[in-house]
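**Q** I'd like to ask some things about the structure below.
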Amino acid sequence: EAGVAQSPRYKIIEKRQSVAFWCNPISGHATLYWYQQILGQGPKLLIQFQNNGVVDDSQLPKDRFSAERLKGVDSTLKIQPAKLEDSAVYLCASSWTGNQPQHFGDGTRLSIL
Amino acid sequence: SQQGEEDPQALSIQEGENATMNCSYKTSINNLQWYRQNSGRGLVHLILIRSNEREKHSGRLRVTLDTSKKSSSLLITASRAADTASYFCATDERGSNYKLTFGKGTLLTVNP
Numbered sequence: 004e005a006g007v008a009q010s011p012r013y014k015i016i017e018k019r020q021s022v023a024f025w026c027n028p029i030s031g032h033a034t035l036y037w038y039q040q041i042l043g044q045g046p047k048l049l050i051q052f053q054n055n056g057v058v059d060d061s062q063l064p065k066d067r068f069s070a071e072r073l074k075g076v077d078s079t080l081k082i083q084p085a086k087l088e089d090s091a092v093y094l095c096a097s098s099w100t101g102n103q104p105q106h107f108g109d110g111t112r113l114s115i116l
Numbered sequence: 090s091q092q093g094e095e096d097p098q099a100l101s102i103q104e105g106e107n108a109t110m111n112c113s114y115k116t117s118i119n120n121l122q123w124y125r126q127n128s129g130r131g132l133v134h135l136i137l138i139r140s141n142e143r144e145k146h147s148g149r150l151r152v153t154l155d156t157s158k159k160s161s162s163l164l165i166t167a168s169r170a171a172d173t174a175s176y177f178c179a180t181d182e183r184g185s186n187y188k189l190t191f192g193k194g195t196l197l198t199v200n201p
């Protein structure tokens, strides 16, 4: 089966600019996750979708981050405006349900200048 | 906040040796999972152990879970250079809708 696809792989922007990441999960996976991974740390969950509904977004900085999952398939994560502290790898993952192992994409490495 | 904490933070061994990594967590959980991450790549699921299980095997991997001590260990036997990676434990707290919380990971280096 095809894995989780993410794009772009790398992005460099200046602070206060906006950026968007795209994720295509494994076909049939109902649950989709966005994580932020800062260098040297484990991933931190930003938002979890079940189909196209939000299950958990308690750690999403909603003043600058937004995410959507239209039609319960692809998803986009947006940051506007970006801050220096947003420099990280943004990982997308998917699973059949919330109680199953997660499959990760290779992430987008974001650098803020 | 991080729930699982791995120990040690870094581990360097020779090919053929066994590697043991430990994970401690703070709350009651449904499941505990171990993931591997190669440099510049996404995480790969290794093993899931449920809270009512004590030990699980998969190939050269052995995972134990002690819910009374809130700890788990991952043993990799007969390590290979290709096992070089970061290893993370992740827990989902009861009542959390299976939200995973990851530790900071153990960086394993296997020298040929």
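These protein sequence lines are chains A and B, in that order. End of the first sequence sits at 116 in my numbering; the numbers just go up one at a time, nothing left out. End of the second sequence sits at 201 in my numbering; the numbers just go up one at a time, nothing left out. Ideal placement from N, C-alpha and C gives every residue a C-beta, glycine not left out.
Taking a Cβ distance cut-off of 9 angstroms, strictly less, list which residues of the region 101-133 of chain B are near chain A, in chain order.
**A** Flagged, chain order: Asn119, Asn120, Gln122, Tyr124, Gln126, Gly129, Arg130, Gly131, Leu132 and Val133.
**Q** Hey, quick one: how far does the beta strand (DSSP E) through histidine 32/A stretch, first residue to last?
**A** First-last for histidine 32/A: undefined, no H or E at that position.
**Q** Going along the chain, which residues of its own chain have a beta-carbon closer than 6 angstroms to the beta-carbon of alanine 99/B, five neighbours each way excluded?
**A** If we look at alanine 99/B and ignore the five residues flanking it on each side, its Cβ neighbours are Leu196.
**Q** Using a Cβ-Cβ cut-off of less than 9 angstroms, list which residues of the region 35-56 of chain A approach chain B; keep chain order.
**A** Listed by position, the residues of the region 35-56 of chain A near chain B (Cβ gap below 9 angstroms) are Tyr36, Tyr38, Gln40, Gly43, Gln44, Gly45, Pro46, Lys47, Leu48, Gln51 and Gln53.
**Q** Give a yes or no on whether the minimum CB-CB distance between phenylalanine 24/A and chain B is below 8 angstroms.
**A** no
**Q** Any beta carbon from chain B within less than 8 angstroms of asparagine 102/A's own beta carbon?
**A** yes
**Q** If we count Cβ pairs, one from each stretch, closer than 8 angstroms, do we get three or more for the region 164-180 of chain B versus the region 87-95 of chain A?
**A** The region 87-95 of chain A and the region 164-180 of chain B do not touch, with fewer than three beta-carbon pairs separated by less than 8 angstroms.
**Q** Strictly below 9 angstroms CB to CB, what residues from chain B border glycine 31/A?
**A** Under the 9 angstroms cutoff, chain B gives no residues; its nearest Cβ is about 17 angstroms from glycine 31/A.
**Q** Can you list, in chain order, the stretches of the alpha helix (DSSP H) that have 4 or more residues and sit fully within the region 31-98 of chain A?
**A** Taking only runs of at least 4 residues, no alpha helix (DSSP H) segment lies wholly in the region 31-98 of chain A.
**Q** For a contact meaning CB atoms closer than 8 angstroms, what does tyrosine 176/B contact in chain A?
**A** Those within 8 angstroms of tyrosine 176/B in chain A number zero; the least Cβ separation is about 10 angstroms.
**Q** For glycine 192/B, return the contacting residues in chain A, with the cut-off set at a CB-CB distance below 7 angstroms.
**A** What glycine 192/B touches in chain A, judged by beta-carbon distance under 7 angstroms, is Gly45, going in chain order.
**Q** Does any residue of chain A bring its CB to less than 8 angstroms from the CB of lysine 159/B?
**A** no
**Q** Is aspartate 59/A close to chain B, meaning its C-beta is less than 8 angstroms from at least one C-beta of that chain?
**A** By this cut-off, aspartate 59/A is an interface position.
**Q** State the Cα-Cα distance for the pair lysine 193/B and glutamate 144/B, rounded to the nearest angstrom.
**A** Those two C-alpha atoms are separated by around 23 angstroms.
**Q** Cutting at 6 angstroms between CB atoms, please list the residues of its own chain near leucine 63/A, excluding the five before and the five after it.
**A** Leu49 and Ile50
**Q** List, in chain order, every chain B residue whose beta-carbon is nearer than 8 angstroms to that of glycine 108/A.
**A** Those within 8 angstroms of glycine 108/A in chain B are Gly131.
**Q** To the nearest angstrom, how far is the alpha carbon of serine 97/A from that of serine 168/B?
**A** 29 angstroms
**Q** Asparagine 141/B touches chain A at which residues, Cβ-Cβ below 8 angstroms?
**A** Going along chain A, no residue has its Cβ under 8 angstroms from asparagine 141/B, so there is no contact; the nearest lies around 14 angstroms.
**Q** Closer than 7 angstroms between beta carbons: that is the criterion. Which residues of the region 73-103 of chain A meet it against chain B?
**A** Leu94, Gly101 and Asn102
**Q** List the residues of chain B whose Cβ lies closer than 9 angstroms to the Cβ of glutamine 105/A, in chain order.
**A** Gln122, Tyr124, Leu132, His134, Ala179 and Leu189
**Q** On the DSSP letters alone, give me the boundaries of the beta strand (DSSP E) that alanine 171/B sits inside.
**A** No beta strand (DSSP E) contains alanine 171/B, which DSSP labels as neither H nor E.
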